[in-house]
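These notes concern the structure reproduced below.
Protein chains: 2
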Amino acid sequence: MAAERGRRRPGYAPGGRRDAILDAALDEFAAGGYNGTSLAKVAERAGLTQQGLLHYFPSKQALLVALLNRRDEVDADAAAEEDGRVDLAEVVRRNVERPGIVQVYTVLSAESVTEGHPAQEYFRDRFERLRGEVEGRIRKEHGDRLPSGVGPDEAAALLIAAMDGLQTQWLHDPGAVDMPRLVRTLMDVLTGPARGGKARDAED
Amino acid sequence: MAAERGRRRPGYAPGGRRDAILDAALDEFAAGGYNGTSLAKVAERAGLTQQGLLHYFPSKQALLVALLNRRDEVDADAAAEEDGRVDLAEVVRRNVERPGIVQVYTVLSAESVTEGHPAQEYFRDRFERLRGEVEGRIRKEHGDRLPSGVGPDEAAALLIAAMDGLQTQWLHDPGAVDMPRLVRTLMDVLTGPARGGKARDAED
DNA sequence: GTCTATACCCTGATAGAC
DNA sequence: GTCTATCAGGGTATAGAC
């Protein structure tokens with residue numbers, strides 16, 4: 022389902038040029054943002070020239086869009102594997118091991134609020150979809166009103182916001198915030214006192 | 022206290038060139054980020070040439086630093102007026118009226134996690150200071166352990182994170198999230214059931 | 001499919017006239 | 001204090017050889 026997009030997709034297999042370029046773009050956009058990264062840098066990391074890169078992606082903007090779409094496909098595949106669940110605590114645990122991914126996401130989601138940024142629509146839609154998914158999951162698990170008195174829609178927006186904000190703090194100073202623990206804490210507090218399975222493991 | 026910095030500060034008064042340039046830089050950095058903004062654009066908005074601008078600020082980096090420092094002074098003055106309190110709910114209420122300010126902050130705080138960004142140190146320090154201030158305020162008002170069982174340090178990191186994350190969502194889609202309401206909700210939930218003065222006003 | 005060559009514009013910054 | 005002139009470099013993108 023997430024596997025076909027264009028007609029034939031030249032070189033999607035591992036080792037394919039297209040994917041190598043997208044990998045390089047991910048690293049470079051993470052390191053410098055979209056505006057701060059040149060096609061030449063991406064190309065060099067992928068092992069070809071800037072003009073060679075433009076054979077696969079006709080413009081810098083197209084490269085960014087392709088990168089974001091690929092991310093969605095990977096996520097969709099992963100979600101399918103674990104049966105459609107959206108376990109935020111698990112997402113956070115994984116993210117701590119992948120600072121690169123976290124950094125592209127953090128940088129691009131903020132950079133894209135600027136005028137005419139090519140990822141504007143992407144992130145607006147993504148936030149909307151994400152809020153809906155998390156809200157639905159909360160509603161299914163805890164009902165239409167959480168014990169804390171908070172609505173599932175509010176809890177969803179707050180959880181997503183906190184995760185993003187914590188990522189920014191964490192990227193600036195990885196030792197300063199314990200993301201998995203804090204997200205766990207917030208979930209516990211939102212979903213009400215001593216509810217939703219095993220609460221905290223450690224005592225403090 | 023926050024009023025002197027250099028020796029004499031040429032033209033700090035309203036109408037002063039220096040301040041006009043910083044105002045322009047604020048708007049332009051908000052619209053395009055640091056990397057996405059040229060000195061020429063800032064200069065044009067301020068009503069002089071790029072080279073004229075460089076007479077006041079020797080480099081683009083110096084301009085950014087000056088901008089961030091001025092923001093701190095303004096904040097410090099404002100905080101002094103209301104007697105050192107850090108009322109987050111009030112901050113959010115005000116921010117909704119100033120999308121420009123919110124946008125520079127959001128864009129720059131994320132952009133500055135990139136390699137070699139000139140505002141890295143500024144934001145790392147700012148987050149650290151902010152966490153400390155909010156934690157201290159919570160501790161003074163609610164004690165060393167909140168009724169919810171959450172520590173003041175955790176609550177501080179979460180509140181700041183949620184505010185920043187909500188700003189990003191809000192900038193992408195202003196109608197999608199009610200920032201003041203959501204922050205209020207989070208504060209209530211963190212500080213425990215029906216504590217901390219008047220809880221929610223509306224019923225729903 | 002990948003390269004060289006190159007067009008064309010924008011960038012931050014310097015030198016120096018007025 | 002502000003401008004014109006200018007530099008050296010880098011940006012995206014196109015044309016066309018191989």
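Quick mapping for you: the protein sequence lines, in order, are chains A and B.
What the first sequence shows, in the working numbering, is residues 22 to 225, in sequence order.
What the second sequence shows, in the working numbering, is residues 22 to 225, in sequence order.
Beta carbons are placed, not taken as given, at the ideal position from N, Cα and C, and that holds for glycine.
On a predicted model such as this, the values are computed, not experimentally measured, just so you know.
- For the segment 39-81 of chain A, not one full-length beta strand (DSSP E) segment reaches 3 residues or more.
- For residue 64 of chain B, the closest of B/160, B/53, B/45 and B/79 by C-alpha to C-alpha distance is B/45.
- One thing to note: residue 183 of chain A has its Cβ no nearer than 8 Å to the Cβ of residue 51 of chain B.
- No Cβ of chain A is located within less than 8 Å of the beta carbon of residue 82 of chain B.
- Not flagged as an interface residue toward chain B: residue 63 of chain A, since no C-beta distance is shorter than 8 Å.
- Here the segment 149-160 of chain B lies against the segment 168-177 of chain B, with 3 or more beta-carbon pairs under 8 Å apart.
- Excluding the 5 residues flanking it on each side, residue 211 of chain B has same chain C-beta neighbours closer than 8 Å at 167, 169, 171, 176, 179 and 180, in chain order.
- Linking residue 75 of chain B to residue 129 of chain B through their CA atoms gives a straight-line distance of about 21 Å.
- Residue 78 of chain A and residue 56 of chain B have their C-alpha atoms some 23 Å from each other.
- Any Cβ of chain A closer than 8 Å to the Cβ of residue 148 of chain B would place that residue at the interface, and such an atom is present.
- For residue 139 of chain A, the CB contacts under 6 Å within the same chain, skipping 5 residues up- and downstream, are 82 and 85 in chain order.
- No Cβ of chain A is located within less than 8 Å of the beta carbon of residue 208 of chain B.
- In this structure the segment 123-137 of chain B touches the segment 114-129 of chain A; the number of beta carbon pairs closer than 8 Å is three or more.
- In this model, residue 155 of chain A and residue 106 of chain B are separated by some 34 Å (Cα to Cα).
- Residue-level contact by beta carbon fails for residue 153 of chain A and chain B, as no gap is shorter than 8 Å.
- For residue 130 of chain A, a Cβ of chain B is located within less than 8 Å of the residue's own Cβ.
- For residue 117 of chain A, no CB of chain B lies under 8 Å from its own CB, so it is not counted at the interface with that chain.
- With respect to residue 87 of chain B, residue 201 of chain B sits apart: the two C-beta atoms are not nearer than 8 Å.
- Here residue 209 of chain B is buried. Its C-beta has 16 or more other C-beta atoms within 10 Å.
- The three-state reading of DSSP puts residue 206 of chain B in helix, counting H, G and I together.
- The DSSP-derived three-state label of residue 151 of chain A is helix.
- In the structure shown, the three-state DSSP call for residue 96 of chain B is helix.
- A distance below 6 Å between beta-carbons, with the five flanking residues on each side excluded, links residue 198 of chain A to the following residues of its chain, in chain order: 187, 190 and 191.
- Under the Cβ criterion of 8 Å, residue 56 of chain A is counted among the residues facing chain B.
- Rounded to whole angstroms, the Cβ separation of residue 41 of chain A and residue 67 of chain A is 5 Å, and the two are in contact under 8 Å.
- C-alpha of residue 53 of chain A to C-alpha of residue 59 of chain A: approximately 9 Å in a straight line.
- Inter-residue distance for residue 113 of chain A and residue 94 of chain B is about 36 Å (C-alpha atoms, whole angstroms).
- With a cutoff of 8 Å on beta-carbon distance, residue 91 of chain B and residue 194 of chain A are scored as not near each other.
- With a threshold of 16 other beta carbon atoms within 10 Å, residue 150 of chain B falls short and is exposed.
- Taking 8 Å as the cut-off, the beta carbon of residue 69 of chain A is found no closer than this to the beta carbon of residue 143 of chain A.
- Any Cβ of chain A closer than 8 Å to the Cβ of residue 181 of chain B would place that residue at the interface, and such an atom is present.
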